[in-house]
Amino acid sequence: MPELPEVETVRRTVSGALLGLRVEAVEVAAVKMRHPLDGDKWRRLITGNRLESLDRRGKYLLARFGQAGAVVHLGMSGRLLVARPGQARLAHTHLVLHFENGLDLRFVDPRRFGFAVVMAAQELETFPPLPELGPDPLTGDVEGALAAAGRRQRAPVRNVLLDQRVLAGVGNIYASEALFRAGIHPQRSVAALSARRRARLATAIRQVLEESIAAGGTTLADGGFVASDGQAGYFAVQLAVYDREGSPCQRCGKPVRRLVLAGRSAYYCPSCQH
DNA sequence: ACTCGCCTGTCG
DNA sequence: CGACAGGCGAGT
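Heads up: the first sequence begins at 58 in the numbering used here, then just goes up one per residue.
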């Protein structure tokens, strides 16, 4: 579900509600996760500490609680929700932190592709695969990252945009959207992009991510993403091609096409993108 | 550089 | 019932 704008939206809402507050108790449900949730470790390392910071690296969240820390990834279906204890828990609530102001932070993830791993704070930055991540598109050199990728490989540019070692945070929605804005066909080799088109793509990536953050992220029709305060993001109405196969291109009116690359849908306009 | 597997849920 | 879903990593 969540790409950079959704994770950033979660980071902001959780920070706004809970930063600086003490965790009074931790509840962990015993389910099998990609990285197992270690209930004893969560309770031992986190209980009694304050949430001192919440940072984002690409799609990963890094939380600091005194000498302890946690890395959280939302996978495809993960949510971090701030809730009142009385509110009914959603199915697949795996972890609950009870804060001193009476609010809960709940990690919910039906598909369990996400994780929440606790560790010593000084291990956060080296937790795999964080050291391998490429630059963050909001602050880093997107054009340079694309140019470097083009020197190493000739893969379709859409696939390169999904490679978190090249750029950290772009996922399937924003890859399609950025390529549409830049007028680049998803199958075009990254190595074949001219400097001019690379620059256009870099700008499109930054813009689409920033606009989405401003809208609170993308909530698709299935309602899979909500911010931590329960708000849906409204960027979906601005999606030009993603999940719009057969709909008229906003620019030229030709039907949007869907193509499968590396096992995942890519949406594009056959007449506007080359 | 692809394909599959990991899970649950929804939609056609 | 199969196809598909906003991610990622292992295996080939």
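Cβ atoms here follow ideal geometry from the backbone N, Cα and C, with glycine treated the same way.
As the structure is a prediction and not an experimental result, all values here were calculated from the model.
With DSSP collapsed to three states, give me the class of A125. strand
If you measure between the beta carbons of A202 and V223, is that distance less than 8 Å? yes
Tell me, which residues are paired with H155 by DSSP? A82 and D161
Between E234, I270 and E109, which has its C-alpha nearest R314's C-alpha? E234
Keeping to the same chain, check which residues put their C-beta closer than 6 Å to that of P186; ignore five residues upstream and five downstream. none
Identity of the residue in S72, G240, C329 and A148 nearest T260 by Cα: Among S72, G240, C329 and A148, the Cα nearest to that of T260 belongs to G240.
So, is G191 buried or exposed, given that buried needs 16 or more other C-beta atoms within 10 angstroms? buried
Taking the alpha-carbon positions, what's the T150 to R141 distance? 14 Å
Cutting at 6 Å between CB atoms, please list the residues of its own chain near S328, excluding the five before and the five after it. C309 and K311
Let's see if you can read the secondary structure: which residues bound the alpha helix (DSSP H) around A259? A252 to A271
Taking all protein chains shown into account, decide if K89 is buried (16 or more other Cβ within 10 angstroms of its Cβ) or exposed. Looking at its Cβ environment, which holds fewer than 16 other Cβ atoms inside 10 Å, K89 is exposed.
Looking at G96: is its Cβ nearer than 8 Å to the Cβ of A87? yes
Could you check where the beta strand (DSSP E) with Y324 kicks off and where it finishes? Note, Y324: beta strand (DSSP E), R321 to Y325.
What residue range does the beta strand (DSSP E) around D112 cover? S110 to R114
Can you tell me whether L166 is buried or exposed, with buried defined as 16 or more other CB within 10 angstroms of its CB? This sequence places Asp at residue 166; Leu is not what is there. D166 is buried by the Cβ-count criterion.
What would DSSP say about L94, mapped onto helix, strand or coil? coil
For V227, name the three-state secondary structure that DSSP assigns. coil
Compute the Euclidean distance between the alpha carbons of Q307 and V199, then round it to the nearest angstrom. 26 Å
Looking at the structure shown, is F237 part of a helix, part of a strand, or coil, going by DSSP? Helix.
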